[in-house]
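Residues 6 to 353 in the numbering used here are what the sequence shown spells out, letter by letter.
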Amino acid sequence: MNVLELNFERGWRGGERQTIYNMEGFRHAGINVSLVCREGFELEEKASNRGFNIHTFNTVWGVVGHLIAKGRQYDILHAQTSHILTYCILTKPFHRCKIVLSRRVVFKPKGMLTLLKYRLTDRVVGISTAIKRVLKLSGVRDVAVITDMVVESKGTTDIAQQIVDPYKLQGKHVVATVSMLTPDKDPLTMVDTIKLLLKKRSDFVFLHFGQGELKEQVQAKINAEGLQDVYKLMGYQKEIEPFYPLFDVFVMSSKQEGLGSSVLDAFMNKVPVVATNAGGLKELLSEGRGIPCSVGVPEQIAEGINRLLEDGELHERTATRAYSYAVRRHSIKAVTEQYHELFKDLLN
Numbered sequence: 006m007n008v009l010e011l012n013f014e015r016g017w018r019g020g021e022r023q024t025i026y027n028m029e030g031f032r033h034a035g036i037n038v039s040l041v042c043r044e045g046f047e048l049e050e051k052a053s054n055r056g057f058n059i060h061t062f063n064t065v066w067g068v069v070g071h072l073i074a075k076g077r078q079y080d081i082l083h084a085q086t087s088h089i090l091t092y093c094i095l096t097k098p099f100h101r102c103k104i105v106l107s108r109r110v111v112f113k114p115k116g117m118l119t120l121l122k123y124r125l126t127d128r129v130v131g132i133s134t135a136i137k138r139v140l141k142l143s144g145v146r147d148v149a150v151i152t153d154m155v156v157e158s159k160g161t162t163d164i165a166q167q168i169v170d171p172y173k174l175q176g177k178h179v180v181a182t183v184s185m186l187t188p189d190k191d192p193l194t195m196v197d198t199i200k201l202l203l204k205k206r207s208d209f210v211f212l213h214f215g216q217g218e219l220k221e222q223v224q225a226k227i228n229a230e231g232l233q234d235v236y237k238l239m240g241y242q243k244e245i246e247p248f249y250p251l252f253d254v255f256v257m258s259s260k261q262e263g264l265g266s267s268v269l270d271a272f273m274n275k276v277p278v279v280a281t282n283a284g285g286l287k288e289l290l291s292e293g294r295g296i297p298c299s300v301g302v303p304e305q306i307a308e309g310i311n312r313l314l315e316d317g318e319l320h321e322r323t324a325t326r327a328y329s330y331a332v333r334r335h336s337i338k339a340v341t342e343q344y345h346e347l348f349k350d351l352l353n
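Written out as structure tokens, the structure reads:
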């Protein structure tokens with residue numbers, strides 16, 4: 006079986022990391038896997054370092070040319086974004102491959118052309134039942150649910166430790182989030198949460214990893230609320246995984262979330278999670294694997310954080326359940342087996 010992964014994003018976020026995990030899983034399963042990606046960006050670097058066969062292009066027209074000229078050598082085109090899916094569909098008369106899309110966002114698809122594109126896709130995969138529900142309501146049928154992957158923690162690193170050292174974390178609880186400063190992640194509610202938590206206790210520091218369009222607005226609110234000593238904007242970190250072992254509690258305030266791969270990282274590092282029940286987060290936190298809260302209610306989030314910091318038994322029990330679940334359901338091996346079965350069904 007020959008699979009071509011396609012991801013033409015410029016950045017390095019959850020979808021790009023999942024692309025690498027997909028490729029590693031397929032290679033280990035004996036599947037021939039190659040990658041189409043944008044030239045000169047981090048996905049190319051990481052795939053190259055792992056020895057994968059890569060085709061890089063500066064524009065989507067290079068991708069189109071590759072699919073027209075070389076597409077027939079593949080059995081499956083696995084699009085990692087809706088954007089790159091467009092060009093898989095447009096070139097299908099030439100390559101005639103089965104096309105699979107992995108959709109990671111919970112937003113409702115917009116426009117008739119987008120819905121037509123989805124209907125021309127051989128199989129759409131949602132990474133959570135929340136995404137499947139949204140797609141079904143939009144008229145997309147027969148959506149499979151195959152979740153995201155997470156790998157075992159390798160522990161912290163000297164570089165991660167050096168980055169946090171200036172914040173004098175010794176003797177303090179470290180509460181943290183890894184979340185873009187964008188409206189769907191609702192960082193302003195996070196600021197309100199930390200303000201309320203500070204009224205309950207002062208033995209913590211909050212580290213917010215991520216960047217985005219609301220950075221100035223968030224910083225202004227931090228300053229206005231007098232939270233500069235406890236709320237630290239850490240910016241974008243190229244390698245975020247080594248920071249998780251430093252956290253005592255992980256928090257998400259999202260209004261919308263396809264699944265929440267950063268929550269899976271917290272699970273794998275045995276860091277208990279407090280998060281809103283937005284989208285796929287509700288699934289992850291069910292059955293005692295975290296403390297779910299209503300969207301936009303900072304009082305609930307602050308209380309959840311405080312409970313985990315106060316109650317050592319709850320902290321340990323929540324983290325242990327979440328870790329066991331992540332190992333069982335979200336390993337590369339488990340998820341790869343589901344994709345492999347889906348691919349075989351399509352080809353048969």
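Cβ coordinates follow ideal geometry from the N, Cα and C atoms, glycine included.
Since the structure is predicted, the reported quantities are computational estimates derived from the model, not experimental observations.
For residue i and residue j, what's the separation of their Cα atoms in angstroms?
i: G67; j: G240; result: 33 Å
i: V278; j: K237; result: 19 Å
i: L48; j: H88; result: 16 Å
i: L125; j: I94; result: 7 Å
i: V41; j: L219; result: 32 Å
i: D163; j: F209; result: 22 Å
i: Y92; j: V65; result: 8 Å
i: V247; j: K159; result: A small correction: the amino acid at residue 247 is Pro; Val does not occupy that position in the sequence shown. Answer to the nearest angstrom: the Cα atoms are 7 Å apart.
i: S267; j: G19; result: 8 Å
i: Q305; j: R101; result: 51 Å
i: M6; j: F272; result: 33 Å
i: R333; j: L11; result: 27 Å
i: E21; j: K177; result: 33 Å
i: L118; j: L90; result: 12 Å
i: L174; j: V130; result: 41 Å
i: S299; j: L286; result: 11 Å
i: L186; j: G284; result: 18 Å
i: G295; j: A339; result: 22 Å
i: E315; j: T24; result: 38 Å
i: Q233; j: I227; result: 6 Å
i: A84; j: R15; result: 15 Å
i: G293; j: R322; result: 8 Å
i: L351; j: D170; result: 51 Å
i: A34; j: E346; result: 12 Å
i: F31; j: N54; result: 17 Å
i: D80; j: V8; result: 6 Å
i: L224; j: E318; result: Contrary to the premise, residue 224 reads as Gln rather than Leu in this sequence. Approximately 35 Å between the Cα atoms of the pair.
i: S258; j: K75; result: 44 Å
Please classify residue i: does DSSP put it in a helix, a strand, or coil?
i: T182; result: strand
i: T61; result: strand
i: S291; result: coil
i: M257; result: strand
i: T281; result: strand
i: H83; result: strand
i: R43; result: strand
i: N54; result: helix
i: V8; result: strand
i: V302; result: coil
i: V155; result: coil
i: N274; result: coil
i: N37; result: strand
i: G160; result: coil
i: N353; result: coil
i: E14; result: coil
i: K243; result: coil
i: R206; result: coil
i: L219; result: coil
Among the options, which one has its Cα closest to the Cα of residue i?
i: S133; options: T323, N282 and I310; result: N282
i: F112; options: Q85, L142 and F99; result: L142
i: V110; options: H60, L121 and L140; result: L140
i: D153; options: A271, L264 and K275; result: L264
i: E44; options: F62, E292 and M257; result: F62
i: D147; options: Y123, H178, Q175 and R77; result: Y123
i: E184; options: Q167, P114, F211 and H83; result: For the sequence presented, residue 184 should be read as Ser rather than Glu. That would be F211, whose Cα lies nearest to the Cα of S184.
i: S207; options: A149, M117 and I310; result: I310
i: A181; options: V235, V130 and E230; result: V235
i: G215; options: L174, I245 and G176; result: I245
i: N353; options: F13, T24, L106 and D127; result: D127
i: K204; options: L319, E308 and P297; result: E308
i: Q343; options: A149, K51 and F99; result: A149
i: K260; options: H320, L193 and L269; result: L193
i: F99; options: T86, I73 and N37; result: I73
i: L251; options: A229, I151 and N274; result: N274
i: K137; options: H71, P114 and L121; result: P114
Going by DSSP, name the residue or residues bridged to residue i.
i: Y236; result: F211
i: P297; result: A280
i: N2; result: Residue 2 lies beyond the residue range present for the chain, which begins at 6 and ends at 353; the question has no answer from this structure.
(request) Can you check the stretch 98 to 152 for any alpha helix (DSSP H) of at least 4 residues that lies completely inside it and give the ranges in chain order? (result) 117 to 124 and 134 to 142
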